[in-house]
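Undergrad: Please find one structure pasted underneath; my questions will follow.
Numbering (this note's numbering), first residue to last: 5 to 342.
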């Protein structure tokens, strides 16, 4: 093929295309090998306010812990007495299971109780009559008007009547116990607040079936939120550094300007597997943690139960502490050098 001026250009097409391809590949590799700057966080996390500290993720909870409300009697919910956020006193009703069957059962047992009381009155009247006859028989027997056999029959009849009266009274007690059992069940189907507190969550509605026993999702979540507590997960490797008298500060996630001092409440003495995950890509999920409970001192803090907080617990400086193992090792090394 000839170009302008009669030059042959076909032998140069492939080398030119190859050179362009190699250049494009080199440019792509160079651009792809550039280190992208890390994206800044949406919100700056809280900074530890102490020289040395232990950090932990905290979950806000009620000071009674979050109480999962259930029912001892399974059935359809007929009444809901509260709404989410309501503040209640201990014993206030939360919801009620359908009670029509129990009310019918109570009516039957109360009728049986009345029948038992009537039977007892009949037996008592018969006993009084036989005792009266026995008293007259005693007089006649002393005068030898009636035979000994007749007197014995009347005495045995009184003993039989006494046994019947005792049996009738036992039937009354049994009927009363059965009626009391039904009344207790009627009271049990009304689920009440176990303590003073607030309804944190409601997952049951009128007309829904409420199973008895432990459920995966609580029918209601209840707890005392005045004040709130924070359950802090401390890595087992740092657990030995946490002291009860140490100062602690919690930062609200989403706004590090909102913070509050914490008051130590207690340790959960059993170290458990970590369940509260922060989402950090470097976070270990096979870690065991010591749970430390703190009380939020600031009652006006805009925080809710179930919210996460960043908690920092002050620890003594291991180098400055006179009892520090690091300082002991350093002193031993100094003596060896001398």
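Note that CB positions come from ideal geometry on N, CA and C, so glycine has one too.
The model shown is predicted, which means the values in this text are computed figures rather than measured ones.
Under three-state DSSP, which class holds residue 328?
TA: Per-residue confidence for residue 328 stands at a pLDDT of 44, beneath the threshold of 50, marking its modelled position as unreliable; the derived number appears in the next sentence. It is coil, neither helix nor strand.
Undergrad: Count the other CB atoms, across all protein chains shown, that sit within 10 Å of the CB of residue 108; report buried if there are 16 or more and exposed otherwise.
TA: Label assigned to residue 108: exposed.
Undergrad: Suppose contacts are defined by Cβ-Cβ distances below 8 Å. Is residue 176 in contact with residue 121 by that definition?
TA: yes
Undergrad: Tell me the residue span of the alpha helix (DSSP H) that contains residue 126.
TA: 104 to 146
Undergrad: With 16 as the cutoff for other CB atoms within 10 Å, does residue 333 come out buried or exposed?
TA: Summary for residue 333: the model assigns pLDDT 39, below 50, so the residue's position carries little reliability; its value from the coordinates is reported in the next sentence. Residue 333 is exposed by the Cβ-count criterion.
Undergrad: Ignoring anything shorter than 4 residues, give me the alpha helix (DSSP H) runs that lie fully in the stretch 162 to 202, in order along the chain.
TA: none
Undergrad: Using 8 Å as the Cβ pair cut-off and three pairs as the minimum, do the stretch 66 to 83 and the stretch 162 to 171 touch?
TA: no
Undergrad: Would residue 86 pass as a contact of residue 245 if the rule is Cβ separation under 8 Å?
TA: no
Undergrad: How would you label residue 201, buried or exposed, when you count the other beta carbons within 10 angstroms and need 16 or more for buried?
TA: buried
Undergrad: My understanding is that residue 216 touches residue 223, with C-beta atoms under 8 Å, so please give their C-beta distance in whole angstroms.
TA: About 10 Å; that fails the 8 Å criterion.
Undergrad: Under 7 Å Cβ to Cβ from residue 270, same chain only, skipping five residues before and after it: list those, please.
TA: Result list for residue 270: 297, in chain order.
Undergrad: Give the DSSP-derived three-state secondary structure of residue 314 in the structure shown.
TA: Note: residue 314 maps to strand in three-state DSSP.
Undergrad: What is the rounded straight-line gap between the Cα of residue 52 and the Cα of residue 277?
TA: 25 Å
Undergrad: Per DSSP, which one or two residues make a beta bridge with residue 99?
TA: Residue 99 pairs with 84, 195.
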